[in-house]
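Engineer: First the structure, which I've put down as structure tokens, then a few questions once you've had a look.
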Amino acid sequence: MYCAKTFQPTLPAALPANACFAIVAPAGAARLDAHKVSQWFVDRGYRCHIYPGALQAQGYLAGPDQQRLQDLHAAFADPAMDAILCMRGGYGSMRLLDQLDFELIRRNPKPLIGYSDITALHTAIYRHAGLLTFHGGMLNADLLGAKLPPTESSLLAQLGGHVRAGEQVAHPAGFALDCVLPGVASGPLLGGNLSMLGATMGTLAELDTQGCILFIEDVNEPLYRVDRLMTQLRLAGKLEGIKGVLVGDFAGITTAALTPLLEDTFAPLGVPVLAGWRSGHCDPNVCLPLGARVRLDSVQQTLVLEQDLFRA
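When you line the sequence shown up against mature numbering (1 follows the signal peptide of the UniProt record, and there is no 0), it's residues -29 to -1, 1 to 283, in that order.
Okay, structure coming up:
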């Protein structure tokens, strides 16, 4: 088990030319056309391998647990796969947590890309395999959904190793950021979907927040539920020792409506809080490297990498 405060994450390799993406669906069913999926990669100079469970459906899940787990393990184990991209979120990642082969994942570090329900995999894999992962656009909701260019460009720039230590994680122009609480802080960027952070409390995917820059986002949650979730984190001791907060999109709640709750929750901690970051269930959906050491400046409204994202 790795401690966020002191741990240096295992870095994957940057995407090579003509990289091959493993397409998996560890959570909900996507029901996408295989040709359309393949063509998206061909059009960008990449290849893909669609694993059997990625196009299945079993109620609200993308096939049986064992199929989804087998696909994920196979994608990490196969040396021909350069990155692992999730079809969609929904629900189902938590059902796989106690069966994940973290040693297999640790031995075969690759970029894992997704968000929402995939937060459970991000937190578990970081905590037990030590791997840096990517909170970024998925096929069903983002990359095949005609979203604004930064959704795709931020993802491919980071995966290609084109964003280096000392450079900003670009935030799209025209989308206002809000300095809720001023300050500057450094630490590993950790977090994801707030509901999933709450749901994984007490499980092997429970987030270690010590010394981190906490990132949170959510969708379709009224303000009182967001309050309850953040109160849960506070009462569980998960806000003690954080260095700063990056607030992503909370679809359905404006930053103005969210700000009093953010101030009430984080002002006693004396940490910087930057809100309005376009990551999450939004358009565009900017990719974020989870586990990477970053510098958050809420006054200058910047997020700067303090390390490279890939091994040399």
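Ideal Cβ positions, reconstructed from N, Cα and C, are used throughout, including at glycine.
Distance check for E211 and I76, CA to CA, integer angstroms please.
Structural biologist: The alpha-carbon atoms of I76 and E211 are separated by roughly 30 Å.
Engineer: Out of L26, T174, I224, which has the shortest C-alpha to C-alpha gap to M65?
Structural biologist: Taking only the C-alpha atoms, the option nearest M65 is T174.
Engineer: If you drop the 5 nearest sequence neighbours on each side, which residues of the same chain put their C-beta closer than 6 Å to that of A176?
Structural biologist: For A176, where only same-chain residues beyond five positions count, the Cβ hits under 6 Å are L68, A91, T94, A95.
Engineer: Kindly list the residues whose CB is nearer than 6 Å to the CB of G61, restricted to its own chain and excluding five residues on each side of it in sequence; keep chain order.
Structural biologist: These residues qualify, in order along the chain: A(-3), G(-2), D88.
Engineer: How far does the alpha helix (DSSP H) with L206 in it extend, from its first residue to its last?
Structural biologist: Note, L206: alpha helix (DSSP H), 194 to 206.
Engineer: Measuring CA to CA, which of A46, T226, P(-21), M52 is closest to L148?
Structural biologist: Nearest option by C-alpha distance: T226.
Engineer: Who are P260's beta bridge partners in DSSP?
Structural biologist: Paired residues: F105.
Engineer: Report the residue ranges of all beta strand (DSSP E) runs contained in full by the stretch 107 to 162; include only those spanning at least 3 residues, in chain order.
Structural biologist: Counting only runs of 3 or more, we get 149 to 152.
Engineer: Taking P50 and Q38 to be in contact with their CB atoms under 8 Å, please state how far apart those CB atoms are, rounded to whole angstroms.
Structural biologist: Not confirmed; about 22 Å, so no contact.
Engineer: Alpha carbons only, please: which of D42, R2, D72, V13 is nearest the one belonging to residue 294?
Structural biologist: Residue 294 is absent from the model: the chain starts at -29 and stops at 283.
Engineer: Please return the same chain residues whose Cβ sits closer than 6 Å to the Cβ of A128, not counting the five positions on each side in sequence.
Structural biologist: Around A128: V134.
Engineer: What would DSSP say about F186, mapped onto helix, strand or coil?
Structural biologist: Strand, per DSSP.
Engineer: Let's see if you can read the secondary structure: which residues bound the alpha helix (DSSP H) around F12?
Structural biologist: Note, F12: alpha helix (DSSP H), 5 to 13.
Engineer: From which residue to which residue does the beta strand (DSSP E) around G219 run?
Structural biologist: Taken as a continuous stretch (DSSP letters only), the beta strand (DSSP E) holding G219 covers 215 to 222.
Engineer: Are at least three pairs of beta-carbons, each pair with one atom in the stretch 29 to 36 and one in the stretch 6 to 20, less than 8 Å apart?
Structural biologist: Touching, no.
Engineer: Measuring alpha carbon to alpha carbon, tell me which of L(-15), I224, F237 ends up nearest C150.
Structural biologist: The option with the nearest alpha carbon to C150 is F237.
Engineer: Between which two residues does the beta strand (DSSP E) holding F281 run?
Structural biologist: First-last for F281: undefined, no H or E at that position.
Engineer: Candidates D254, A207, V270: which alpha carbon is nearest V216's?
Structural biologist: The candidate whose alpha carbon is nearest that of V216 is V270.
Engineer: Taking contact to mean at least 3 C-beta pairs separated by less than 8 Å, is the stretch 239 to 248 in contact with the stretch 190 to 204?
Structural biologist: They do not touch, by the three-pair rule.
Engineer: Leaving out five residues on either side along the sequence, give the residues of the same chain with a beta carbon under 7 Å from the beta carbon of W11.
Structural biologist: Excluding positions up to five away in sequence, the list reads L114, L115.
Engineer: Grab the span of the beta strand (DSSP E) containing A(-8) for me, first residue to last.
Structural biologist: Its beta strand (DSSP E) spans residues -10 to -6.
Engineer: Across the stretch 162 to 174 and the stretch 134 to 146, are there enough close Cβ pairs to call them in contact, namely three or more that are closer than 8 Å?
Structural biologist: The answer is no - the stretch 134 to 146 does not touch the stretch 162 to 174, with fewer than three Cβ pairs under 8 Å.
Engineer: Where do the N-terminal and C-terminal ends of the alpha helix (DSSP H) with G169 fall, by residue?
Structural biologist: Segment 165 to 170, the alpha helix (DSSP H) holding G169.
Engineer: Tell me the rounded alpha-carbon separation between K118 and E188.
Structural biologist: If you take the alpha carbons of K118 and E188, they lie about 18 Å apart.
Engineer: Any heavy atom of the ligand MN inside 8 Å of the beta-carbon of T(-20)?
Structural biologist: Only the bare structure without any ligand can be found here, which leaves the ligand MN out of the picture.
Engineer: Can you name the residues that DSSP bridges to V244?
Structural biologist: V244 is bridged to L152, V216.
Engineer: Suppose the cutoff is 8 Å on Cβ atoms and the five residues either side in sequence are ignored; what does the same chain contact list for L229 look like?
Structural biologist: If we look at L229 and ignore the five residues flanking it on each side, its Cβ neighbours are L194, V197, V218, F221, A246.
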